[in-house]
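In full-length UniProt numbering, the protein residues as written are 1 to 323.
For glycine and all other residues, C-beta sits at the position ideal for the given N, C-alpha and C.
Remember, predicted model here, so these are calculated numbers, not experimental data.
Worksheet for the structure shown next.
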Amino acid sequence: MADTVDLDQAEHEQISTSLEVEQLDTNLFRSKSLWLPFRARGVFGGQVISQAIVAATKCVKPEYELHSYFLLSASSAVPILYYVDRVREGRTYTTRSVRAVQNGRTVFLLICSFQIPEPWQPSHHWPMPNVPSPEDCKDEQDLLLAVARRPGLDEKVKETCLQLAEVRSPTVYTDRDVELGCQEREKSPVSVRRAAERIGAEGTPVFMYWMRPRDKVSYEAPFQKVSARSNLPVVANTLGLKRLTSGPDALAMLSSLDHSIFFYDRNFDCSDWILYVTVSPTAGSGRGVVMGRMYSRNGTLVAVTTQEGVVRADIRPPVEAKM
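Quick look at the structure:
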């Protein structure tokens, strides 16, 4: 029918566009696009990490691990400047640091170590979990839209589902709006499909999902090492914190503090499906840690990640006793 919309054919922004930076000087780069996620205080940290990686990679040949720190929220209305510092030139390892600056303030710091590959050295890695293939898994956006279609659903819950599914919010949602997808989808470059959720050997849940760029094209080396999406919801889910509720089990705040990525495969193709396995080993005092493993479709462990962030429940601190 002419009035139906195929959401799978909705326009999306390519990885190379969302991560591209403009070179202003030998060691100076500027963002071209910035994305402000739903209910976020600042631009998406994964995009800032990835643009900083691209800037650093343009100053040295790739194959590296990195560590990064979030300092301040960044606005999506003002370009970010990336200053690359050539910290160390070694025979096997080369170090670069990148400062992301906006409005005269440093909002992000990246330190990355580049290595000349040594494939003759011994190796090992944990095997990939047995999960359904991506073709047998449902897209995360489709799952959220299915929830939004439920009759009698609270309007706030429906609006949140549509926003998380990256559909622009009109003033009022109708069932026909949801069914036909009349809202304009945000430009999302990555498709995410839920693979499995299990209780690990330590007694905490393990969340696994497939991800792949929607445009299915080959990327140059700087774009292969893109940052994974935020994993802090894994901490919230492990703690049993929920959105759109109140009280001690309500999620009050999520904000990234630092993020580490260690790459161990230089030949993976990020245009194909990558399995991301995530678990939260610890959380407390308003903070939480997530550890992740990224596998290529053939079972190769591509990268290991860690992320720490602020994860707060809607609980007020106890009132100190008056002396």
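Alpha carbon to alpha carbon, what distance is there between V107 and E179?
Unreliable positioning characterises E179 in this predicted model, as indicated by a pLDDT of 39, which lies under 50. A coordinate reading is not provided.
Three-state class that DSSP yields for D25 in the structure shown:
If DSSP states are grouped into helix, strand and coil, D25 belongs with the strands.
Residue 364 versus T300: straight-line alpha-carbon distance, rounded
Residue 364 lies beyond the residue range present for the chain, which begins at 1 and ends at 323; the question has no answer from this structure.
Nonlocal neighbours in the same chain, by C-beta distance under 8 Å from T92, ignoring five residues either side
The answer, listed in chain order, is Q115, I116 and E118.
Which residues in the same chain have their Cβ closer than 8 Å to the Cβ of L28, if we skip the five residues on either side of it in sequence?
The answer, listed in chain order, is L81, Y82, Y83 and V84.
Do you know whose CA, among Y264, P233 and L275, lies nearest Q121's CA?
Of Y264, P233 and L275, the smallest CA-CA separation from Q121 is found for Y264.
Range covered by the beta strand (DSSP E) that runs through T238
Where T238 is concerned, there is no enclosing beta strand (DSSP E), although the alpha helix (DSSP H) around it starts and stops at L232 to L239.
Is it the case that the Cβ atoms of A236 and V311 are separated by a distance below 7 Å?
Yes.
If you measure between the beta carbons of C112 and A195, is that distance less than 7 Å?
A distance of 7 Å or more separates the beta carbons of C112 and A195.
Rounded to whole angstroms, what's the CA-CA distance from I49 to S31? Just pull it up for me.
A straight-line Cα-Cα distance of about 11 Å links I49 and S31.
Cα-Cα, which of G90, V131, P318 and V190 is closest to S206?
The sequence given here places Val at residue 206; Ser does not occur at that position. Per the Cα distances, V131.
Distance between E22 and C161 (C-alpha atoms, nearest Å):
The straight-line gap from Cα to Cα measures roughly 35 Å.
P151: buried (16+ other C-beta within 10 angstroms of its C-beta) or exposed?
Exposure of P151 is indicated by the presence of fewer than 16 other C-beta atoms within 10 angstroms of its C-beta.
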